[in-house]
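Written below as structure tokens is the structure these notes are about.
Residue numbers (the UniProt record's numbering): 1 to 366.
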């Protein structure tokens, strides 16, 4: 939802407290599918409270529900017997023009959760949702540039911000500084306040590992491999029991993937105290298979980051993490470059035993 619509809702809160029938309005919201089941449960927990508590709580939820939520609010007011109030929301209200690029908004539609047992899902309701560290290499000491990487950073900051993450950005680090940054990141006390964390490392790479800012040292076998990166997240009390998602955008070798002709005739044209495991709740996503290159457009950025951001924008509101990653791979499957070929993402899970829903817009009342 854009800022002007949010401001209008805030301006109308007092009048809504005085005039709105909570149950009638909620009935209309349910019909239009603006809230998922978890949200409905949290909102209806306020049902017996006074309008001064439950109406602001309800309207704040509406503000989190994407670009169409304002129109749904106005229509729901009209259909629930609040026609005059609906007119005050909408009458002579200047809607923003479409001349400028809209801000990223996680899309919301009607939602049915397929796993109602929340004990099998990671808690994802803190505000912020967690810390997201982006480590990007755009330029190197030898003058080499990863063109398009600034677009990847821009996309990630926008999308992760919409998902509720607090973003930390580091660029062009030496390997010693990269290691220091990772050590300090996992030990940040802020992790104890939040429900998850993310790490993105975007650089040059080979089968043996990832480079720092000095490509000369990379040639001399001074690299950091993914196993070392993952090890920083092991046995960290601040992150115990919380999902830790690690994404790479780096080649894993020098070979292009041109695909293979399929022989199949099915080819289609289109609360208690207990010890937590030290190595657990970690998801690792590579942009390509071992030994293969990871493709990046010099103008638009990396194929993997582009596709990941698109999927999160469109489907993070109802799909769980593993389904989202599968969708990223399905979309990448359709991309092909005659010179550089294709790419297949590679995923590994270390004790990532629960489902993870990003729950955009849902935050704990406390």
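Glycine residues also receive a C-beta, built at the ideal position from the N, C-alpha and C atoms.
CB contact flag (residue i, residue j, <8 Å)
i           : j           : result
residue 79  : residue 28  : yes
residue 359 : residue 38  : yes
residue 46  : residue 53  : yes
residue 155 : residue 305 : yes
residue 312 : residue 343 : no
residue 135 : residue 224 : no
residue 67  : residue 13  : no
residue 63  : residue 9   : yes
residue 381 : residue 232 : The displayed coordinates of the chain run from 1 to 366. Any statement about residue 381 would go beyond what the structure contains.
residue 197 : residue 239 : yes
residue 242 : residue 297 : no
residue 336 : residue 293 : no
residue 199 : residue 280 : no
residue 49  : residue 40  : no
residue 324 : residue 316 : yes
residue 355 : residue 320 : yes
residue 81  : residue 23  : no
residue 15  : residue 85  : yes
residue 129 : residue 163 : yes
Continuous beta strand (DSSP E) stretch holding residue i: start and end
i           : result
residue 170 : 165 to 171
residue 136 : 130 to 136
Assumed close pair residue i, residue j - CB separation to whole angstroms, cut-off 8 Å
i           : j           : result
residue 332 : residue 303 : 6 Å
residue 373 : residue 166 : Beyond the ends of the chain as shown, which are 1 and 366, falls residue 373; an answer cannot be given.
residue 193 : residue 126 : 7 Å
residue 248 : residue 290 : About 12 Å; that fails the 8 Å criterion.
residue 252 : residue 205 : 6 Å
residue 178 : residue 132 : Actually they are not in contact, since the Cβ atoms of residue 178 and residue 132 sit about 17 Å apart, beyond 8 Å.
residue 368 : residue 357 : Absent from the structure is residue 368, since the part of the chain shown begins at 1 and ends at 366.
residue 153 : residue 182 : In fact, because the Cβ distance is near 18 Å, the residues do not count as touching under 8 Å.
residue 300 : residue 151 : 6 Å
residue 278 : residue 310 : The Cβ separation is near 35 Å, so there is no contact.
residue 43  : residue 58  : 6 Å
residue 367 : residue 361 : Coverage of the chain is limited to positions 1 through 366, which leaves residue 367 absent and any answer about it impossible.
Beta carbon proximity, residue i to chain D, threshold 8 Å
i          : result
residue 29 : Among the chains in the structure shown there is no chain D, since it carries only a single protein chain.
Residue range of the unbroken alpha helix (DSSP H) whose run includes residue i
i           : result
residue 161 : 149 to 162
residue 324 : 321 to 332
residue 61  : 51 to 63
residue 312 : 303 to 315
residue 179 : 175 to 186
residue 34  : No alpha helix (DSSP H) holds residue 34; DSSP gives it neither H nor E.
residue 146 : Unbroken run through residue 146: none, as it is neither H nor E.
residue 74  : 69 to 79
residue 10  : 3 to 11
Per DSSP, cross-strand counterpart(s) of residue i
i           : result
residue 279 : None, per the DSSP bridge assignment.
residue 348 : 284
residue 121 : 355
residue 196 : 130
residue 250 : According to DSSP, residue 250 bridges with nothing at all.
residue 444 : Here the chain has residues from 1 to 366 only, and residue 444 is not among them.
residue 205 : 210
residue 90  : In the DSSP output, where bridge partners are listed per residue, residue 90 has none listed.
residue 337 : 341
residue 224 : 210
residue 297 : 301
residue 139 : 145
Contact test: residue i Cβ vs the ligand COA heavy atom, cutoff 7 Å
i           : result
residue 163 : As for the ligand COA, it is missing from this structure, which has no ligand bound.
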